[in-house]
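Numbering (the numbering used here), first residue to last: 3 to 596.
Built from N, CA and C at the ideal position, the CB exists for glycine as well.
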Amino acid sequence: MKTARRSFPVVLALFLGSGAAALVYEIVWFQLLELVIGSTAVSLAVLLGTFMGGMCLGSLLLPRLVSLRRHPLRVYAAFEAAIAVFGLLVLFAMPVIVRFYASLAGPGVGGLLLRALVASACLLAPTTLMGATLPAVSRWLEATPDGVARMGFLYGANTVGAVLGCLLAGFYLLRVHDMTAATFAAAGLNLLVAGAALLLAGRSPHRPPEKETRDAETGAMPPTWPVYLAIALSGGSALGAEVVWTRLLSLLLGATVYTFSIILAVFLAGLAAGSAAGAYTARRTSSPLAALGYCQLFLGAAVAWTAFIITKSLPFWPVNPQLGSNPWFGFQLDLLRTAWAVLPPTLFWGASFPLALAAAAPRVKEPGRFVGRVYAANTLGAIAGAVGFSLGLIPRLGTRASQRLVIGLALAAAAIALGSALRPFFRPSRSALPELGLRGATLIAAGLVAALALSVPRTPWELIAYGRDVPRKRGQATPLYVGEGTNASVAVTEIGEGIRNFHVSGKVEASTDPQDMRLERMLGHIPALVHPAPRSVLVVGFGAGVTAGTFLIHPTVEKVVVCEIEPVIPEVVARFFGAENYDVVDDPRVRIVV
């Protein structure tokens, strides 16, 4: 359609704006709900699963619930306006939600279900609308190679907007203003996009099809299930890697909203650049499914690059960030280090989505349908990757094995896509020699990537113990224990004269140094002495257990309850400080609540 081609740059700008608003909302909503249901790995997994689950639901429901006869741009405008309304509702409903949750919250499965209920009530409606925007506008384009490429560019523009929104929220709106101002800014952007889409719809006539299009049934075409499975595995590897690398880079850069914003911005920037390259390739390749497979194959090598850079290179750069008094210097350094490590694999993840769209398009003629299916498959894989890696794989296997698994997922996606796309190579023919050569080269490349997976280095204990101070403090201590828990990475080290240090995520939290021991015991003795006869004690944060143990020597104390966010700390770390904490974990008067 000529009108669609002329107006396409305007729609790109609209998608850029809606992507920016979506990321502002995401950061604000996560911070708001963390204040309600907590910031543990379980809570964050519930939030992320709900957020992405809503987007998956929207991409699947749009073709079923919205008629093809409705103007796609008007549907898009309505969705953007509704997102603004729901964004404001979440902000103003938060005091009520806090009271509701606080009155019912508790540990165990019931508490987990309540967290999921609260997250769903807040996020499901607006995120469902967000997930429906790309399939809605895709109906404005044709399911031709050129039209499919334009859909990939729309995805890229939306991701560029997400980068801008991430930086805007993390470094300006939340730093200079607050969550209320950030929400109003995102809602205003939604309404501006909605108004512009309505104006454009008035100038772009829509010719609805006379009847609903059906999926193609041509037997010569390859089946679409390899496309959906490959892009789902790609989504799983992407979010799994993001969880692992955010964990590791937070050790190096610090666990702050600024670090999260930098990592997310670099990740999204790579997706945007890669999607643009993938859309360009999809328009020109004769086999987008094969291109998708090779993209996943190269992705495995790029993930190995990132694993090596984060564990063997970045922590040991001879740079002391504390020498610079200007925060702009620190921002540049952290942005450079993150981009150097994370950008290469994100390019391949970004390129995979438009290639998957092009591979699925010949079978499914209705654009909203195949875009929604590919988007849903990618999002379902992303949900599984985010939840599985954060709650199960990292605490049980560690970041090293988790990164190996990310490479394995990329290899599996490559095998599925290439196995379907290159099936004719198994048939003998007169011109089989070049085909067999390509097949052999592909197998050799897959073997090399598998070898790279086995060579992923272990996370250095110095990074867990000292964070960004590794260059200054390397070689000063001996590690006694290193562990990666559900919510934090911990270490116990020993320096000269037998002094032991307890580290959490790159910082020393407790030690047996006399100066620290005086403080740790004082925190227990002073409140116990001020109270005439303390019987029940609540300690928030276990640490090395010295403060909690100090209460036990007061004769009137009958019960000590210790709340801790990371299970590894009281289970393992406390044993290294048993003499100092009076073996607090074994005392029958002590109850530890995780």
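Quick one: Cα of residue i to Cα of residue j, how far?
i: LEU291; j: LEU359; result: 9 angstroms
i: PRO207; j: GLY158; result: 25 angstroms
i: ILE594; j: VAL564; result: 5 angstroms
i: PHE173; j: SER263; result: 8 angstroms
i: VAL373; j: GLN405; result: 29 angstroms
i: GLU214; j: ARG371; result: Here the model assigns GLU214 a pLDDT of 48, short of 50, so the residue's position is not dependable, and the following value carries that caveat. Looking at the two C-alpha atoms, the distance is approximately 11 angstroms.
i: LEU316; j: ARG339; result: 7 angstroms
i: ASN328; j: GLN334; result: 11 angstroms
i: GLY551; j: LEU349; result: 51 angstroms
i: PHE428; j: ALA284; result: Any answer about PHE428 is weak, because its pLDDT of 46 lies below 50 and its placement is not dependable; what the coordinates show is given next. The alpha-carbon atoms of PHE428 and ALA284 are separated by roughly 25 angstroms.
i: THR308; j: PRO347; result: 8 angstroms
i: THR287; j: TYR296; result: 13 angstroms
i: LEU531; j: HIS556; result: 9 angstroms
i: ALA187; j: ALA15; result: 17 angstroms
i: SER491; j: THR130; result: 34 angstroms
i: ALA1; j: VAL542; result: Lying outside 3 to 596, the shown extent of the chain, residue 1 is not represented and no answer is given.
i: GLY526; j: VAL245; result: 37 angstroms
i: THR42; j: VAL150; result: 40 angstroms
Which residue from the options puts its Cα closest to that of residue i?
i: THR480; options: ALA419, PHE173, ALA493; result: ALA493
i: VAL570; options: VAL458, VAL562, PHE504, LEU521; result: PHE504
i: ALA384; options: GLY51, PRO356, GLN298; result: GLY51
i: PHE579; options: LEU554, PHE553, GLY547, ARG591; result: GLY547
i: LEU61; options: LEU35, PRO97, ALA127; result: Note that residue 61 is Ser in the sequence shown here, rather than Leu. Nearest C-alpha to SER61: ALA127.
i: THR135; options: LEU255, GLY19, ALA309; result: GLY19
i: PRO356; options: SER289, ALA417, GLY551; result: SER289
i: GLN33; options: LEU106, ARG8, PHE10, ARG177; result: ARG177
i: VAL574; options: GLU486, ARG523, GLY40; result: GLU486
i: VAL13; options: SER392, ARG152, VAL48; result: ARG152
i: LEU202; options: ALA274, PHE10, GLY56; result: PHE10
i: ARG249; options: ALA453, GLU560, ALA281, VAL344; result: VAL344
How would you call residue i, buried or exposed, if buried means at least 16 neighbouring beta carbons within 10 angstroms?
i: THR146; result: exposed
i: HIS73; result: buried
i: GLN478; result: exposed
i: ILE409; result: buried
i: GLN517; result: exposed
i: LEU251; result: buried
i: TRP31; result: buried
i: ILE85; result: buried
i: ASN322; result: exposed
i: ALA581; result: exposed
i: GLY394; result: exposed
i: ALA218; result: With a pLDDT of 48 at ALA218, under the threshold of 50, the modelled position of this residue cannot be trusted, and the question is left open.
i: TRP351; result: buried
i: THR182; result: exposed
i: THR558; result: exposed
i: MET132; result: buried
i: GLY272; result: buried
i: PHE57; result: Correcting the residue identity first, residue 57 is Met in this sequence and not Phe. MET57 should be labelled buried.
i: MET524; result: exposed
i: GLY154; result: buried
Can you name, in chain order, every residue of its own chain whose Cβ lies under 6 angstroms from the Cβ of residue i, other than the five neighbours on each side?
i: PHE17; result: LEU156, ALA159, ASN160
i: ALA171; result: VAL26, ILE29, ALA184
i: LEU456; result: none
i: LEU93; result: THR185
What residue range does the alpha helix (DSSP H) around residue i cover?
i: THR602; result: Nothing about residue 602 can be reported from this structure: the residues present for the chain run from 3 to 596 only.
i: ASN583; result: 580 to 583
i: ALA535; result: Segment: none, ALA535 is in no alpha helix (DSSP H) and carries neither H nor E.
i: ARG406; result: 396 to 423
i: ARG205; result: 181 to 205
i: ARG577; result: Premise fails: ARG577 is in no alpha helix (DSSP H) and is neither H nor E.
i: ILE99; result: 74 to 106
Looking only at its own chain, which residues have a Cβ that is under 7 angstroms from the Cβ of residue i, when we skip the five neighbours before and after it?
i: VAL38; result: ILE99, VAL100, TYR103, VAL120
i: ALA234; result: ALA379, ASN380, LEU382, GLY383
i: SER2; result: What the structure shows of the chain is the stretch from 3 to 596, and residue 2 is not part of that stretch, so it cannot be assessed.
i: TYR468; result: LYS475, GLY508
i: VAL2; result: Nothing in the structure corresponds to residue 2, since the chain is present only between 3 and 596.
i: ASP589; result: LEU554
i: VAL458; result: ALA306, ALA309, ARG402, GLN405, ARG406
Got a sec, what are the start and stop residues for the beta strand (DSSP E) residue i sits in?
i: GLU496; result: 491 to 497
i: ALA171; result: ALA171 -> no beta strand (DSSP E), and no H or E assigned at all.
i: SER538; result: 538 to 542
i: ILE311; result: Per DSSP, ILE311 belongs to no beta strand (DSSP E) and is neither H nor E.
i: PRO481; result: 480 to 486
i: ARG285; result: That residue, ARG285, is in no beta strand (DSSP E); its alpha helix (DSSP H) goes 259 to 286.
Can you give me the Cβ contacts of residue i inside the same chain, cut-off strictly under 8 angstroms, excluding the 5 residues immediately before and after it?
i: ALA95; result: CYS124
i: ALA576; result: PHE544, ALA546, GLY547, ASN583, VAL586, VAL587
If we define contact as Cβ-Cβ less than 9 angstroms, is residue i a contact residue for chain D?
i: LEU531; result: Although the question refers to chain D, the structure presented lacks it and comprises just one protein chain.
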